[in-house]
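Just so we're aligned: the sequence shown equals residues 6 to 100 in the working numbering.
Report on one structure; see the data block that follows.
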Amino acid sequence: MPALRYLAGEIFEDAPMLSIATQSPLRKQPGRADYQRGKLITEDGENTVTTTGNQSSGVLSSLAQANCYLVLEQERGAVNAGEKVNVVLFDEFLQ
6 MPALRYLAGE
16 IFEDAPMLSI
26 ATQSPLRKQP
36 GRADYQRGKL
46 ITEDGENTVT
56 TTGNQSSGVL
66 SSLAQANCYL
76 VLEQERGAVN
86 AGEKVNVVLF
96 DEFLQ
């Protein structure tokens, strides 16, 4: 799909990065950036995100449930519920 959109003349812009509070704690060791699959939830006009569970590459159900990536910076360690994380939403063609 991205190749067809490029050939059709679409100009790509970087996806906006949002800062949203997480509902669930996230495991991470400092030292490298981490992109975890997540789910954006909107309730009563408030956005929160949660992890989709096991982040192993072979867990396809986690990918099927996701609608965004949680971007955890290199120097960041574990994240507690309620802390804000950077979120990049999937393209509408991937949902």
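All C-beta atoms in this analysis are idealised placements derived from N, C-alpha and C, irrespective of residue type, glycine included.
These numbers were taken from a predicted model, which means no experiment stands behind them.
For A26, the enclosing beta strand (DSSP E) starts and ends at M22 to A26. Annotation for L75: the continuous beta strand (DSSP E) segment containing it runs C73 to L77. Counting C-beta pairs closer than 8 Å gives three or more between the stretch 25-41 and the stretch 84-91, which meets the contact rule. When DSSP states are grouped into helix, strand and coil, R42 belongs to the strand group. The straight-line gap separating the alpha-carbon atoms of P35 and E78 is approximately 8 Å. In chain order, I25, A26, T27, Q28, G43, K44, L45, I46, C73, L75, V90 and V92 place their CB closer than 8 Å to the CB of V54, counting only its own chain and leaving out the 5 sequence neighbours on each side. Each residue's CA atom was taken as its position, placing G58 and N52 some 19 Å apart.
Remark: C-beta atoms of A20 and L94 approach each other more closely than 9 Å.
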